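*Asks:* The opening position of the sequence shown corresponds to residue 89 in the numbering used here, with each subsequent residue numbered one higher. Ideal Cβ positions, reconstructed from N, Cα and C, are used throughout, including at glycine. Note that the coordinates shown come from a computational prediction; the quantities given were computed from them, not determined experimentally.
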Amino acid sequence: MSATTARTFSSSRRQAVPLAELVPGNITQLQRALEAQRAVAGPIRPQGAGTASTDCNRVDKGTVLRLAGLDRIVNIDTYNHTVTAQAGVRLGKLARALAEHGLEFVGGYDLENRTVGGAVAAPCFGPCIGRRGSYFSSHAVSLKLITVNGGTLNVTPERDQLLGAVRMSYGMLGVISEATLRVRPIRTFSASHRRVSIERFASVINTLACADIGLKFYLMPYRDRVYLDLRRYEPDLGTAYRTPWSLKDWGESTVLPHVFKSLNRVLPIPSVRYRLIDSIGEKAYGLVNTRFVTVGSNAAGQARSRSQNRSNGCRYSTWCFPAADFSMIVRAYREFCEDTLARSRYRCDLPAVGHLLGQDSTALLSPSFDETMVALTTASTAEKGWDDFVIDLAEFAERWGGMPIFSQSRALRFDYAHQAYADRLTMFRKLRRRLDPDNRLLSPFLGQYCL
């Protein structure tokens, strides 16, 4: 932990206090933690599963509110197809509870270890079928917000502008304590898989972006391979079983990262190491994405007891790119990876993972507020050289009009963040100053963009 004093954003200077952690077990304890008269060191940052790759929820001085203790599912309404849950409930746990009532999330979302509050307060997405509802937050129909003074603010559809601002607000407007979400009866889909070259993928991505499908893809730039996961609703598909999806998740999120991390440690010759890594990755992704999962549902894909997380030693950075330009961007990304390897001898050992995100203006800070985007997550288990790589990656993203995500885009420059979000960020800052005039919920990292 840094011994330096954190930057202070309040109107009066306070003495720096060592980092503290609070784990409220109920709403009352959460309210008391936020009461203005309590001697709780600021800034105060709420945290769910801790999946962010940036420092948006980390503070060297101040207080972290860990919301995992607020883990009660309040109500499942099978008639109106809604569920109300506290902020600390994990998505996997909630998906299992919904499945017992024949219900599921409207969309499919990765990182089932995330909490409800974190998935509403920051972008959470997956291979959703159709162009609407790509984000978990878009299905939050009402929220309970604990304000900086410990009060409760009910954010309902009648206050749609406030609801749109609280979605993807990164905890800067208040702490989400409870969310009511729109859900639906379980619906099966077909999952088809294709292995194509990058050139072939570039030639069809515009068509795929306009189709009524769910798209997830795995990009291997050094092998000229793209593995497509295409999902469609079709009648009479039969039953979707959980086990194949659990094996797929286990292989992708646990086995391969650990194998690649071990190879990075024991094989000193890069050319030999990367050739073996690519060969293993190609066979593994070809196997788990073609043999095991042909029929699925959001319930089967998410209601797993082993929730995917990023505590497996992976480093990652996500940028969103305009879908209309992605045929050019994916070719440029391959060249960027090859040039970076030739220049710095660094490369990622895991495939980049992409998701198609429909145009969505339900959240003020939505990365796809204006148009359909492709979210590209670059990941690696190799630590040495990663920090320099993500700086180069951020420069690449800027050149190609990439939209950053404050919780996931590494090496994001202040000027570019303001350019990308423009008037929306200005509107958000004005609202944030009204709800948090003393900057109690503003970390130094987020302050550079949202002060």
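1. Can you tell me which of Ala290, Val441 and Arg133 puts its alpha carbon nearest to the alpha carbon of Tyr258?
2. Provide the residue(s) that pair with Trp407 in DSSP beta bridges, ordered along the chain.
3. Under the rule that 16 or more other beta-carbon atoms within 10 Å means buried, what is Ser449, buried or exposed?
4. With contact counted as at least three CB pairs below 8 Å, one residue from each stretch, are the segment 413-432 and the segment 298-310 in contact?
5. Could you check whether the Cβ of Thr469 sits closer than 7 Å to any heavy atom belonging to the ligand GDP?
6. Taking 8 Å as the limit between beta carbons, can you name the residues of its chain near Pro455, skipping five residues before and five after?
7. Could you give the DSSP three-state label for Arg512: helix, strand or coil?
8. From Arg487 to Ala290, what does the alpha carbon distance come to, in whole angstroms?
9. Counting only the same chain and skipping the five closest in sequence on each side, list residues whose C-beta sits under 6 Å from that of Phe533.
10. Helix, strand or coil for Thr166, going by three-state DSSP, please let me know.
11. Could you give the residue range of the alpha helix (DSSP H) that holds Glu486?
12. Taking Cβ positions, are Val229 and Thr268 nearer each other than 8 Å?
13. How big is the Cα-Cα spacing for Asp526 and Lys149?
14. Apart from the five residues just before and just after Ser531, which ones in its own chain have a Cβ nearer than 8 Å to its Cβ?
15. Considering only DSSP beta bridges, list what Val263 is partnered with.
16. Take Arg80 as the anchor and find which of Cys298, Asp511 and Ile234 has the nearest alpha-carbon.
17. Where Phe516 and Arg247 are concerned, what is the direct C-alpha to C-alpha distance, given to the nearest angstrom?
18. Measure from the alpha carbon of Thr465 to the alpha carbon of each residue in Leu513, Arg272 and Leu199, then state which is nearest.
19. Excluding the five sequence neighbours on either side, which residues of its own chain have a C-beta within less than 7 Å of the C-beta of Ser280, listed in chain order?
20. When the distance is taken between beta carbons, is Arg520 closer than 8 Å to Cys538?
21. My parser needs the beta strand (DSSP E) runs of 3 or more residues fully inside the segment 134-218; what are they?
22. Assuming contact is defined by CB atoms lying nearer than 8 Å, are Arg272 and Glu322 in contact in what I supplied?
23. Can you tell me which of the three DSSP states Met416 falls into?
24. For Thr170 and Gly302, I'd like the C-alpha separation in whole angstroms.
25. When the Cα atoms are used, what is the spatial distance from Gln117 to Leu523?
26. Evaluate Arg255 with the Cβ neighbour count: other Cβ atoms within 10 Å of its Cβ, from every protein chain shown; 16 or more gives buried, anything less gives exposed.
27. Leaving out the 5 sequence neighbours to the left and right, which residues in its chain are closer than 6 Å to Arg394 when beta-carbon positions are compared?
28. Terminal residues of the continuous alpha helix (DSSP H) containing Asp448?
29. Whole angstroms is fine: what's the gap from Trp474's alpha carbon to Ile365's?
30. Closest by CA to Tyr286, which one among Gly252, Ala440, Glu459 and Asp503?
31. Using three-state DSSP, classify Tyr504 as helix, strand or coil.
32. Could you check which residue in Val381, Leu179 and Pro410 has the C-alpha nearest to that of Asn294?
33. In this structure, does DSSP put Arg522 in helix, strand or coil?
34. When the Cα of Leu231 is compared with those of Thr514, Ala140, Pro215 and Val263, which residue comes out closest?
35. Span of the alpha helix (DSSP H) holding Leu296?
36. Can you pull the DSSP bridge partners for Asn527?
*Replies:* On the basis of the coordinates in this document:
1. Out of Ala290, Val441 and Arg133, Arg133 has the C-alpha closest to the C-alpha of Tyr258.
2. Answer by DSSP bridge pairing, in chain order: Leu464 and Pro492.
3. Burial call: exposed.
4. Result yes; three or more Cβ-Cβ pairs closer than 8 Å.
5. Summarising the ligand content, the structure contains no ligands, and the ligand GDP is consequently not present.
6. Residues of the same chain with a CB within less than 8 Å of the CB of Pro455, apart from the 5 flanking positions on each side, are Pro211, Cys408, Leu445, Met461, Ala463, Met491, Pro492 and Ile493 in chain order.
7. It is helical.
8. C-alpha separation (whole angstroms): 19 Å.
9. Close CB contacts of Phe533 within its chain, under the 6 Å cut and outside five residues either way in sequence, are with Asp143 and Cys144 (chain order).
10. Looking at Thr166 - three-state DSSP - the assignment turns out to be coil, as it is neither helix nor strand.
11. Start and end: Trp474 to Arg487.
12. Yes; because the gap between Cβ atoms is below 8 Å, this pair is in contact.
13. Taking the straight line joining both Cα atoms gives about 16 Å.
14. The answer, listed in chain order, is Pro131, Arg133, Asp143, Cys144, Asn145, Arg146, Val147 and Gly150.
15. In the DSSP secondary-structure assignment, Val263 is bridged to Ile234.
16. What is shown of the chain runs 89 to 539, which leaves residue 80 out entirely.
17. About 15 Å.
18. Its Cα nearest to that of Thr465, the residue Leu199 stands out among Leu513, Arg272 and Leu199.
19. Leu318.
20. The answer is yes: Cβ separation under 8 Å.
21. The segment 134-218 contains these whole beta strand (DSSP E) runs: 151-154, 161-165, 170-174 and 191-193.
22. Contact flag unset, no.
23. Residue state, collapsed to three classes: helix.
24. So the alpha carbons of these two residues sit roughly 23 Å apart.
25. Counting only the Cα atoms, Leu523 lies some 21 Å from Gln117.
26. Buried, by the Cβ-count rule.
27. For Arg394, the predicted structure reports a pLDDT of 44, less than 50, and the residue's modelled location is therefore unreliable. The matter cannot be settled from this model.
28. In this chain, Asp448 is not harboured by any alpha helix (DSSP H), its DSSP state being neither H nor E.
29. Between the alpha carbons of Trp474 and Ile365 lies a distance of about 17 Å.
30. Reading off the sequence, residue 286 comes out as Ile, not Tyr. Of the candidates Gly252, Ala440, Glu459 and Asp503, the one whose C-alpha sits nearest the C-alpha of Ile286 is Ala440.
31. It is helical.
32. With distances taken between Cα atoms, Asn294 lies closest to Pro410.
33. Three-state DSSP puts Arg522 in a helix.
34. Residue nearest to Leu231 within the set Thr514, Ala140, Pro215 and Val263 is Val263 (criterion: CA-CA distance).
35. Unbroken alpha helix (DSSP H) run through Leu296: Ile286 to Cys298.
36. Bridge partners of Asn527: none, in fact.
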